[in-house]
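Numbering (the numbering used here), first residue to last: 520 to 927. Beta carbons are placed, not taken as given, at the ideal position from N, Cα and C, and that holds for glycine. Computed from a predicted model, the values in this text were never measured in an experiment.
Here it is as structure tokens:
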């Protein structure tokens with residue numbers, strides 16, 4: 520008998536055995552299926568998070584820097600950051616001149632305010648004072664009208680640029696440009712509407728009102744924290760610019776030699792590194808849970824196969840007496856174990872993909888299972904079946920034919 524015939528015969532006998540013990544087969548596949556399902560569902564969610572987070576970083580821009588009192592990734596006492604000296608608008612020009620690679624610097628000041636038009640009202644809208652450079656630092660694209668101009672800043676003009684969501688809510692079906700809205704009960708003329716941008720790190724950036732920072736200070740006061748956002752000409756120049764900014768900020772803020780910085784220069788890659796650490800831990804936890812479940816499922820397969828060997832001892836003896844070789848018996852039981860495990864892996868894959876789809880449908884997370892993950896899930900489950908089927912297969916092959924025929 521050649522190897523191909525052995526494989527075919529082993530597969531036929533293995534499938535016959537599985538069909539004759541359907542309940543046992545189903546119960547045996549559950550352990551493997553749960554392991555693969557857990558692994559695929561969690562990995563799918565993490566892959567969706569990765570895709571979503573990459574989109575968020577692209578919105579921030581890889582060639583931008585933000586200077587503020589607070590670091591994005593805090594490693595110290597929050598109160599120590601809170602008590603730092605406030606950044607001022609006087610830093611805009613020094614930072615712009617800190618490096619030839621700085622192409623734009625925009626201040627940002629924030630407050631939440633009520634925004635209304637006629638009988639329509641939004642209770643708490645992020646209201647930001649900024650400058651024309653913000654369009655460059657944040658890649659703002661106008662859907663209607665124009666962005667803020669330097670003349671708006673110089674004249675403290677009562678004009679605003681609104682996000683797409685505000686336009687939809689307050690002006691359904693009409694062009695908002697030119698209309699006057701009330702921001703904190705004061706009238707402002709709408710100069711433009713920004714195209715829809717979605718969310719940024721969980722915040723709806725379409726629900727925003729922007730006005731010249733001079734008008735902002737005249738309305739809401741000058742005692743507001745200032746954040747400065749800078750655009751750099753090329754991403755590779757960002758580290759060099761950051762060093763120059765540090766020197767400039769320490770000089771302008773009269774920071775003593777040896778004293779720690781009393782400001783933070785934030786870069787998108789800091790968030791990326793923090794996110795990689797977080798998802799790395801999640802991947803590790805998911806892999807651990809999945810492997811433990813697969814291990815338990817593999818032990819279950821081994822136990823069931825040992826029971827099967829005991830029940831079919833006489834059948835094995837007959838086959839050996841008729842000329843079946845040891846490797847044929849081993850192949851039969853290995854194929855049986857691998858088949859059970861692969862079926863469990865396929866079931867777990869289907870359920871895991873379904874859970875990932877459900878998460879994608881019910882939540883903002885773009886959960887997705889990559890084809891390679893599916894192949895690895897089913898393939899790895901089959902390998903688990905093979906590994907845990909070795910001992911039962913070897914035990915079956917090493918049975919003494921005479922003693923096996925006497926087995927009752």
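Beta-carbon gap between residue i and residue j smaller than 8 Å
i	j	result
residue 692	residue 713	no
residue 472	residue 803	Past the edges of the chain, shown from 520 to 927, lies residue 472, and the structure says nothing about it.
residue 861	residue 893	no
residue 557	residue 812	yes
residue 696	residue 709	yes
residue 848	residue 833	no
residue 872	residue 559	yes
residue 627	residue 679	no
residue 780	residue 767	no
residue 548	residue 878	no
residue 699	residue 706	yes
residue 555	residue 868	yes
residue 632	residue 675	no
residue 622	residue 614	no
residue 739	residue 586	no
residue 711	residue 789	no
residue 890	residue 825	no
residue 634	residue 545	no
residue 875	residue 564	yes
residue 732	residue 572	no
Presumed contact (8 Å Cβ cut-off) between residue i and residue j, rounded CB distance
i	j	result
residue 745	residue 751	Residue 745 to residue 751, Cβ: 20 Å. No contact.
residue 655	residue 629	Not really, about 19 Å apart at Cβ, beyond 8 Å.
residue 727	residue 583	Not quite, the Cβ-Cβ distance comes to about 17 Å (not below 8 Å), so this is no contact.
residue 581	residue 754	5 Å
residue 785	residue 591	5 Å
Assigned exposure category for residue i - 16 Cβ within 10 Å defines buried
i	result
residue 836	buried
residue 919	exposed
residue 917	exposed
residue 855	buried
residue 694	exposed
residue 967	In the structure displayed, the chain extends from 520 to 927; residue 967 sits before or after that span and is not available.
residue 566	buried
residue 594	exposed
residue 470	Absent from the structure is residue 470, since the part of the chain shown begins at 520 and ends at 927.
residue 520	Confidence is the limiting factor: at residue 520 the pLDDT is only 47, short of 50, which leaves the residue's position unreliable and the question unanswerable from this model.
residue 649	buried
residue 829	exposed
residue 612	exposed
residue 524	For residue 524, the predicted structure reports a pLDDT of 45, less than 50, and the residue's modelled location is therefore unreliable. The matter cannot be settled from this model.
residue 609	exposed
residue 522	At residue 522, the pLDDT of 47 sits below 50, so the modelled position is not reliable and the matter cannot be decided from this model.
residue 827	buried
residue 797	exposed
residue 844	exposed
residue 758	exposed
residue 841	exposed
residue 776	exposed
residue 770	exposed
residue 653	buried
residue 881	exposed
residue 857	buried
residue 831	buried
residue 642	exposed
Open item on the list: Under 8 Å, with one C-beta from each stretch per pair, do the segment 605–613 and the segment 675–687 reach the 3-pair mark?
Closed with: no
Open item on the list: Tell me whether the segment 636–649 and the segment 615–622 touch, counting them as touching only if at least three CB pairs, one residue from each stretch, are closer than 8 Å.
Closed with: no
TODO: Report yes or no: do three or more beta-carbon pairs, one from the segment 901–914 and one from the segment 815–822, lie closer than 8 Å?
DONE: yes
TODO: At 4 residues or longer, and completely inside the segment 736–817: list those alpha helix (DSSP H) runs for me, N to C.
DONE: 757–771
- [ ] Taking 8 Å as the threshold, find out whether the segment 591–601 comes into contact with the segment 664–676 through three or more Cβ pairs.
- [x] no
TODO: Mind listing, in chain order, the continuous alpha helix (DSSP H) runs of no fewer than 4 residues lying wholly within the segment 847–925?
DONE: 890–916, 920–925
- [ ] Just list the beta strand (DSSP E) runs in the segment 613–637, keeping only unbroken ones of 3 residues or longer that don't cross its boundaries, in chain order.
- [x] 621–636
- [ ] Could you tell me which uninterrupted beta strand (DSSP E) segments, each at least 3 residues in length, are contained entirely in the segment 670–700, listed from first to last along the chain?
- [x] 678–681
TODO: Go through the segment 551–599 residue by residue and report every complete run of the beta strand (DSSP E) that reaches 3 residues or more, in order.
DONE: 583–587
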